[in-house]
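Novice:
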Amino acid sequence: MQDNWVKVIDKYLRQDRLPHIWCPACGIGPALNCFLRAIDKAGLDPDMVSVVSGIGCSGRVAGYVKLDSFHTTHGRAIPFATGLKLANPRLKAVVFSGDGDLVAIGGNHLIHAARRNIDMTVILINNFNYGMTGGQVGPTAPQDVRTSTTPYGNFEPPFNLPLLMHASGASYIARWTVLHLRQLEISMTEALQKPGFSFVEVISPCPAVYGRMNKEPEGLDSLRLYMKRSVIKNGANPEETGISKDGPIIVGKFIDREYPTLNNGLDKVVAKARKPVKK
Amino acid sequence: MSDNGHLVGEYFINGDVACAEGAISSGCRFFAGYPITPATEVAERMARRLPVVGGTYIQMEDEMASMNAVLGASWAGVKAMTSTSGPGFSLMMENIGLGVMLETPCVVANIQRAGPSTGLPTLIGQQDVMQARWGSHGSYEIIALCPDSPQQMFDLTVKAFNLSEKYRIPVLIMSDEVVGHMSEKVVIPEITPDDLVYRKLPQGKKDSYIPYSTDDGLVPPMAIAGQGYHFHVTGLTHDERGYPAMNAAAQDRLIIRLVDKIRLNADDIVMYSEYLTRDAEIVVCAYGITSRIARFAVGQARKKGIKAGFIQLITLWPFPEKRIRELSRKVKAFIVPEINRGQLVYEVERCAGGKAVTISVPHSGGGVHRPEVILSAICNCKK
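If you want it as structure tokens, here you go:
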């Protein structure tokens, strides 16, 4: 197991870029760990995998994977990956980024990619805030939490991402915390193998910024909370997966369904366009 | 139509359609766009034509997405373009900058309308000239071409793809509503592989590929996703390996190269056409649709015995600086009509360097200059 893990690390991580920029006890590291194992497990040809990230802490993932990798502009990883995938359908397009990047500034791209059911896997690190800029409120921050821009508590309701993705048309939707590493790895593997749009939300500690402002100053504090609050509920109704400040965190594989993908649609277009005209 | 689905022959088509056909003939096989007047006809033509020639058309959710999809497609090794107009051009600026930073070949056609803001969606402007040059943040160079007719829409689109592949940069086609919507005869030649430029691909071993190595000159060979190079590129300031490098020295090295690859090749990129400039004392500098009116006005001035000449600036950026400097040494005045309240006139004035008078003939947009307006500027100048 240990040897195998070393091999996976060596195969998929850019050793010459280490140490990474993430803070101690940040959840992105374990999530990346699961992701690299999942690529291996899914049996993907590494030459054909493109990893695209946006901006922010999670946006730095693209820079550490030894794969074709693109660190793009804020919120735009999904449309960039859309271009890659459509121009070469044999590529496996993976977007790895954070909640602010994918849901706030990139929210429109997220829902449209799900609607199109494009063959793409989105790994979304949800740490409820903008870590890189020092902990501002994000679109997934639960009501009443403190951030550097909600010093009196968050007065806005957050997105319930599984519900958003469900309504938008994603083929595969799962959520785990970084405490659920085995389940996370399995979900990421399934997502990578799933035709159509697959979405994995990873609830992740941000001890240095979000945690510090919300009585979880150590990474372990967040993990203990995840242990206490997580409820595994595979197949849960996405309407029930909203996250509040102190309530349960519903995790599991929520949606796994088959739809025609965007490339199926495009193949039909080509067939129609190239049909010889009847004389 | 030839076997490969490319048009060949004489066609009566509008500028937008000619632009799309120029792209098809150039081997463009990916288009991502968002509907906007007066550029929609480019997208509609591509939606119809691309599937026939084995390409992909996708209508994205907005112009930021369109521009990014174009960049992604280019990194998958496919020639790619988008088209838009003012408001969409503003939204594309963010990722035109990413295209410059990642050094991504692609083409953006801006069929200009009058602004600011929503302005006059169906009527002409030439008001995005400086936005084309400076619209994305940061210090960079760009290439922008400006067609005056449907024929030039075709020809310059082919040229735009060639320049973008050669210099690994987004190339802007700064057309306008009148050129985009006017229908004229367009002669479409058979474009052969010899007429086309393709990006330089890396040779050597895949595991020792350095994405931004300058061993081969200012334009590094470009790897394509899915071929085993396992490369990384980033919009952050980066070193030759493509890795983020957060310091002033790396910034200096990168930016100087990005700028120099265009500035030092200006002679290769710059295009203009002249009419009666040999003995001219007054030269009208114009671009796009305005150049056709200017040319007519110069002919009228000659009939009055005024030694007037005309230069069409086909390349707007990099600015045809050398030629304007040369002309400034022998002419008395430059007249610059443009459909804005003065943009490129300042470039002409800068290059004239006080040696020739520079006179602006502005127009707020929504229509074109009447020839008499330019003619009277020429006559006033003579006095």
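The listed protein sequences correspond, in order, to chains F and E.
The first sequence begins at 94 in my numbering and counts up by one.
The second sequence begins at 783 in my numbering and counts up by one.
Ideal Cβ placement from N, Cα and C applies to all residues, glycine included.
#1: Examine the ligand FAD and report whether any of its heavy atoms sits within less than 7 Å of the Cβ of E:G881.
#2: Starting from the beta carbon of E:W916, find every residue of chain F whose beta carbon is closer than 7 Å, and list them in chain order.
#3: When you compare the region 819-837 of chain E with the region 907-926 of chain E, are there three or more beta-carbon pairs, one atom per stretch, that lie closer than 8 Å?
#4: On the DSSP bridge assignment, give the partners of E:F1092 in chain order.
#5: Quick check on E:N850 - is its C-beta less than 8 Å from some C-beta in chain F?
#6: Can you tell me whether DSSP reads E:A926 as helix, strand or coil?
#7: Pick out the complete beta strand (DSSP E) segments inside the region 181-220 of chain F, 3 residues or longer, and give them in chain order.
#8: Would you decide whether F:R239 is buried or exposed? Buried here means 16 or more other CB atoms lie within 10 Å of its CB.
#9: Considering E:S931, what are the terminal residues of the beta strand (DSSP E) in which it resides?
#10: First and last residue of the beta strand (DSSP E) that includes E:L905?
#11: Quick check on DSSP: helix, strand or coil for E:Y980?
#12: E:T864 and E:G815 - do their beta-carbons sit closer together than 8 Å?
#13: Closest Cβ-Cβ distance between E:R971 and chain F: below 8 Å?
#14: For F:T270, which of F:G262, F:V293 and F:P288 has the nearest alpha-carbon?
#15: DSSP has F:R268 in a bridge; who is on the other side?
#16: Contact check, E:A782 vs E:S1110 under 8 Å by CB: the rounded distance?
#17: Between E:S918, E:P1153, E:F794 and E:G1136, which has its C-alpha nearest E:P1119's C-alpha?
#18: Helix, strand or coil for F:L137? Go by DSSP, reduced to three states.
#19: Mind the definition here: the region 217-232 of chain F touches the region 167-181 of chain F only if three or more C-beta pairs lie below 8 Å; say whether that holds.
#20: Quick one: grab the DSSP three-state call for E:T1072.
#21: Skipping 5 residues on each side, what residues in its chain have a beta carbon closer than 8 Å to that of E:P984?
#22: Use the C-beta contact count for E:P820: other C-beta atoms within 10 angstroms, 16 or more gives buried, fewer gives exposed.
#23: Whose Cβ in chain F lies nearer than 8 Å to the Cβ of E:V1015?
#24: Hey, how far is the Cα of E:I893 from the Cα of E:P975?
#25: From which residue to which residue does the alpha helix (DSSP H) around E:K967 run?
#26: Relative to the alpha-carbon of F:V196, which residue among F:R169, F:V187, F:K185 and F:M225 has its alpha-carbon at the smallest distance?
#27: Taking a contact to mean a Cβ-Cβ separation below 8 Å, would you say E:I973 touches E:V1066 in this structure?
#28: Quick one: is E:D1021 near chain F, going by C-beta distance under 8 Å?
#29: What does DSSP give as the partner residue(s) for E:P952 in the beta ladder?
#30: On the criterion of 16 or more Cβ atoms from any shown chain inside 10 Å, does E:T1028 qualify as buried, or is it exposed?
#31: Between E:A858, E:Q933, E:M846 and E:S995, which lies nearest to E:Y1025 when the distance is taken from Cα to Cα?
#32: Could you please tell me which residues of the region 164-179 of chain F, in chain order, have their CB closer than 7 Å to any CB of chain E?
#33: What does a CB cutoff of less than 7 Å around E:S726 pick up in its chain, not counting 5 residues either side in sequence?
#34: By Cβ distance, which residues of its chain are closer than 7 Å to E:M849, with the 5 residues on each side in sequence left out?
#35: Can you pull the chain F residues whose beta carbon is under 8 Å from the beta carbon of E:V882, in chain order?
#36: Please classify F:W98 as buried or exposed, where buried requires at least 16 neighbouring CB atoms within 10 angstroms.
Specialist: The relevant details are as follows:
#1: Of ligands this structure carries none, so the ligand FAD is not represented either.
#2: Within the second sequence, numbered from 1, the residue matching residue 916 of chain E stands at position 134. Chain F residues near E:W916: none, gap ~18 Å exceeds 7 Å.
#3: No, the region 819-837 of chain E does not touch the region 907-926 of chain E.
#4: Residue 1092 of chain E sits at position 310 when you count from the first residue of the second sequence. Its beta-bridge partners are E:Y1057 and E:V1066.
#5: As a working note, residue 850 of chain E is residue 68 in the second sequence. For E:N850, the nearest beta carbon of chain F is closer than 8 Å to its own beta carbon.
#6: Position 144 of the second sequence, counted from the first residue, corresponds to residue 926 of chain E. Residue state for E:A926 is assigned as strand, using DSSP reduced to three classes.
#7: The qualifying runs are 185-191 and 213-219.
#8: Along the first sequence, one-based indexing puts residue 239 of chain F at 146. Within a 10 Å sphere around the beta-carbon of F:R239 sit 16 or more other beta-carbons, which makes this residue buried.
#9: For the purposes of this step, residue 931 of chain E is taken as the residue at position 149 of the second sequence. Per DSSP, E:S931 belongs to no beta strand (DSSP E) and is neither H nor E.
#10: If you number the second sequence from 1, residue 905 of chain E lands on position 123. Going by DSSP, E:L905 is part of the beta strand (DSSP E) stretching over L902 to I906.
#11: By 1-based counting over the second sequence, the position of residue 980 of chain E is 198. Note: E:Y980 maps to coil in three-state DSSP.
#12: Position 33 of the second sequence, counted from the first residue, corresponds to residue 815 of chain E. Position 82 of the second sequence, counted from the first residue, corresponds to residue 864 of chain E. Closer than 8 Å, so yes.
#13: If you number the second sequence from 1, residue 971 of chain E lands on position 189. A quick correction: the sequence has Pro, not Arg, at residue 971 of chain E. E:P971 does not count as touching chain F.
#14: For the purposes of this step, residue 270 of chain F is taken as residue 177 along the first sequence, with counting starting at 1. Out of F:G262, F:V293 and F:P288, F:V293 has the C-alpha closest to the C-alpha of F:T270.
#15: Counting from one through the first sequence, the residue named residue 268 of chain F turns up at place 175. Residue pairing of F:R268 in beta bridges, as defined by DSSP: F:E294 and F:G345.
#16: Because chain E is modelled from 783 through 1165, residue 782 of chain E falls outside the range shown and cannot be assessed.
#17: As a working mapping, residue 1119 of chain E is identified with position 337 in the second sequence. E:P1119 has its Cα closest to that of E:P1153, out of E:S918, E:P1153, E:F794 and E:G1136.
#18: In the first sequence, residue 137 of chain F corresponds to position 44, counting from 1. Residue state, collapsed to three classes: coil.
#19: The region 217-232 of chain F, when compared against the region 167-181 of chain F, does not touch it at the 8 Å Cβ threshold.
#20: The count along the second sequence starts at 1 and reaches residue 1072 of chain E at position 290. Collapsing the DSSP output to three states places E:T1072 in a helix.
#21: Numbered from its first residue, the second sequence carries residue 984 of chain E at position 202. The residues are Y991, P1003, M1004, A1005 and Y1011.
#22: What you label residue 820 of chain E is simply residue 38 of the second sequence in a count that begins at 1. Around the beta carbon of E:P820, 16 or more other beta carbons sit within 10 angstroms, so the residue counts as buried.
#23: Start at 1 with the first residue of the second sequence, and residue 1015 of chain E comes out as number 233. The contacting residues are S162, F163 and H164.
#24: Residue mapping note: residue 893 of chain E aligns to position 111 of the second sequence, counting from 1. Residue mapping note: residue 975 of chain E aligns to position 193 of the second sequence, counting from 1. Per the coordinates, the alpha-carbon of E:I893 lies some 28 Å from the alpha-carbon of E:P975.
#25: On the second sequence, residue 967 of chain E is found 185 positions in, with the first residue counted as 1. First-last for E:K967: S965 to I970, but that is the beta strand (DSSP E), not the alpha helix (DSSP H).
#26: Along the first sequence, one-based indexing puts residue 196 of chain F at 103. Here the closest residue by C-alpha is F:R169.
#27: Locating residue 973 of chain E in the second sequence gives position 191, where the first residue counts as 1. Locating residue 1066 of chain E in the second sequence gives position 284, where the first residue counts as 1. Going by beta carbons, E:I973 and E:V1066 fall outside the 8 Å limit.
#28: Position 239 of the second sequence, counted from the start, is the residue given in the question as residue 1021 of chain E. The beta carbon of E:D1021 does not come within 8 Å of any beta carbon belonging to chain F, so the residue lies off that interface.
#29: By one-based count along the second sequence, residue 952 of chain E stands at place 170. According to the DSSP secondary-structure assignment, E:P952 is paired through a beta bridge with E:C888.
#30: Stepping through the second sequence from its first residue, residue 1028 of chain E is reached at position 246. The question names Thr, but residue 1028 of chain E in the sequence shown is Met. The residue is exposed, with fewer than 16 neighbouring Cβ atoms inside 10 Å.
#31: Taking the first residue of the second sequence as position 1, residue 1025 of chain E is located at position 243. Here the closest residue by C-alpha is E:S995.
#32: Taking 7 Å as the Cβ-Cβ cut-off against chain E, the residues of the region 164-179 of chain F that qualify are H164, T165, T166, R169, P172, F173, A174, T175, G176, L177 and L179.
#33: Nothing can be reported for residue 726 of chain E: it is not among the residues displayed for chain E, which extend from 783 to 1165.
#34: Position 67 of the second sequence, counting from 1, holds the residue named residue 849 of chain E. Answer for E:M849: T864, M874, N877 and I878, listed in chain order.
#35: If you number the second sequence from 1, residue 882 of chain E lands on position 100. Neighbourhood of E:V882 in chain F, by CB distance below 8 Å: empty, with the nearest CB roughly 12 Å away.
#36: As a working mapping, residue 98 of chain F is identified with position 5 in the first sequence. Classification of F:W98: exposed, given that the 10 Å Cβ count is below 16.
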